[in-house]
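Below is one structure; the comments refer to it alone.
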Amino acid sequence: MPLDRSTPYFVLAVLILLPGFYLYQLYVFAGFPPVFGGYLVYSAVAASVVLVFPYLQMAFREHLNRIDILYWILTFFYLAWAGYNVQYDYLGVATQLYASAFPGWICYYLLGRVCPFGNRTVNRLAMASLVFMTLVVLAYTNNGSFEIGVTQQTAGESAQNASYQAFALIFVVTVYVAALTLRNRLVEAGVLVVSAVVLFLIGSRSEAIFVALIALYFIATSRYRFVTGLAALLAAAPLLLFEQFLSLLTSNRFAVTVLRREGYVDTTREYINARAIDIIRDSPLFGEYGRYESGLYAHNITSAWVDFGAIGFLLYVLLLGFPLWLLASDYIKGDRDRSIVLVLSAVVGVTLLMITTKSIVYYMVPFAVGLAAHRHSLSLRFLGSVRTRVARPPRASAAA
11 MPLDRSTPYF VLAVLILLPG FYLYQLYVFA GFPPVFGGYL VYSAVAASVV LVFPYLQMAF
71 REHLNRIDIL YWILTFFYLA WAGYNVQYDY LGVATQLYAS AFPGWICYYL LGRVCPFGNR
131 TVNRLAMASL VFMTLVVLAY TNNGSFEIGV TQQTAGESAQ NASYQAFALI FVVTVYVAAL
191 TLRNRLVEAG VLVVSAVVLF LIGSRSEAIF VALIALYFIA TSRYRFVTGL AALLAAAPLL
251 LFEQFLSLLT SNRFAVTVLR REGYVDTTRE YINARAIDII RDSPLFGEYG RYESGLYAHN
311 ITSAWVDFGA IGFLLYVLLL GFPLWLLASD YIKGDRDRSI VLVLSAVVGV TLLMITTKSI
371 VYYMVPFAVG LAAHRHSLSL RFLGSVRTRV ARPPRASAAA
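Positions in the sequence shown are counted from 1; adding 10 to them yields the numbering used here.
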């Protein structure tokens with residue numbers, strides 16, 4: 011794909027958001043002052059400014075589609091609702107949460123919306139970023155656990171502090187940018203294997219679902235499905251079968267909480283999720299904005315109902331369900347490009363996480379929605395050209 015005017019802006023935004031995050035965390039881990047906090051908020055503001063130009067260029071060129079419109083309706087509704095309810099947020103927890111998450115909510119939508127599928131320049135950058143991030147994780151892993159993520163986790167879990175989840179999020183976003191520009195199946199398989207190892211070492215359970223969904227698609231579309239599936243099982247066997255191997259990873263969060271299933275009962279999450287249901291029962295129409303202490307907001311989609319009422323909850327459900335329906339319809343109608351399935355895996359992944367473990371400010375949601383809006387626009391052009399070719403009457407022959 012030729013280099014267009016928007017590609018340099020996208021490349022700069024990727025450098026700021028993705029490898030820039032890992033570089034900054036190395037800087038902080040080395041003992042230098044964290045001048046940009048946890049980096050997520052500041053980098054999102056800077057990258058949003060960079061991405062505005064290609065987004066506006068796209069909007070004027072091809073107009074916004076229904077997914078874009080739904081995203082902006084939800085965003086402006088949430089802004090208005092939060093602005094009105096600031097006066098009732100006595101603890102200030104919800105206001106601080108949404109104010110710090112807002113730059114990322116905008117930035118990652120813009121990143122997905124203008125991502126140039128198939129661009130070689132972006133592919134080289136994404137692959138180089140993955141190599142760099144992988145080397146960082148391997149270099150700072152001790153006894154099966156990523157040291158920087160563990161250290162930063164003790165500082166807090168807010169958007170201002172980079173926890174192991176932030177490292178995993180940035181890595182997975184980079185995987186999608188790389189996968190959407192890859193055309194080599196062997197390289198794609200290598201990326202999936204490396205991604206599984208990196209996420210295991212970081213200790214991320216949630217983000218691993220995206221790699222699992224991409225791997226399922228890879229196996230299903232492989233020419234040798236049985237051999238590919240068997241190879242994947244053999245690669246996972248050491249993690250699943252060898253107790254001696256797992257005993258070496260006593261400090262690894264993934265091994266302890268998922269594979270070994272030892273000493274992990276998330277009673278706190280069960281409590282706050284049950285409390286969210288109680289709030290919804292007490293005030294089913296409007297919810298109770300900010301009626302919780304720091305860190306005790308519901309870690310699933312019910313947090314939308316608690317803070318933004320029934321309308322906010324329905325808008326969020328639509329934001330997840332509508333792209334799924336449109337992309338599935340595009341696929342059924344004949345757009346079978348691999349990118350549509352990769353984007354579907356992102357939307358399916360965030361939907362599953364919203365139902366189970368993530369709050370509504372999770373940055374993968376706007377990123378997946380942005381990717382879906384972009385891919386739907388491509389499908390509209392593709393399907394429109396197909397209908398035009400079918401409807402065009404054949405030319406009369408010269409002999410006639």
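Yeah, the Cβ is synthetic: ideal placement off N, Cα and C, and Gly gets one too.
query, result
"Buried/exposed call for Gln175, threshold 16 Cβ in 10 Å", "buried"
"Segments assigned alpha helix (DSSP H), at least 4 residues, entirely inside the stretch 187–224", "195–212"
"Alpha-carbon to alpha-carbon, Leu352 and Leu190", "7 Å"
"Completely contained alpha helix (DSSP H) runs for the stretch 39–66, where each covers 4 or more residues", "none"
"C-beta contact flag for Met143 and Tyr32 at 7 Å", "yes"
"Local Cβ density within 10 Å of Val45, reported as buried at 16 or more and exposed below that", "exposed"
"Residue of Ala188, Arg346, Ser214 minimising C-alpha distance to Leu202", "Ala188"
"Whole-number beta carbon distance between Ser58 and Cys117, since they are thought to touch under 8 Å", "4 Å"
"Rounded separation between Leu148 and Ser293 - CA only", "49 Å"
"Residues that DSSP places opposite Phe156 in a beta bridge", "Thr151"
"Beta-carbon spacing of Ser110, Thr184 below 7 Å", "no"
"Opening and closing residue of the alpha helix (DSSP H) in which Val24 lies", "17–27"
"Straight-line gap, Val51 to Tyr119 (C-alpha atoms, nearest Å)", "14 Å"
"Cβ-Cβ separation, Val316 to Gly297 (assumed contact under 8 Å), whole Å", "5 Å"
"Leu337 versus Ala23: straight-line alpha-carbon distance, rounded", "26 Å"
"Arg291, buried or exposed, once every other Cβ within 10 Å from all chains shown has been counted against 16", "exposed"
"Closest residue to Leu226 among Ala199, Leu36, Leu89, Leu80 (Cα-Cα distance)", "Ala199"
"Ala314 vs Leu295 beta-carbon contact at 7 Å", "no"
"Extent of the continuous alpha helix (DSSP H) run through Cys117", "103–123"
"Leu295 in three-state terms, based on DSSP", "coil"
"Beta carbon of Val35 nearer than 7 Å to that of Ala172", "The sequence given here has Gln at residue 35, not Val. Result yes, Cβ atoms of Gln35 and Ala172 sit closer than 7 Å."
"Whole-Å CB distance - Leu27 paired with Leu121, under 8 Å assumed", "7 Å"
"Span separating the alpha-carbon of Arg301 from that of Lys343", "46 Å"
"Outcome for His73 when other beta-carbon atoms lying within 10 angstroms are tallied against a minimum of 16", "exposed"
"Nearest-angstrom Cα separation, counted from Ala286 out to Glu303", "12 Å"
"DSSP state of Arg346 mapped onto helix, strand, coil", "coil"
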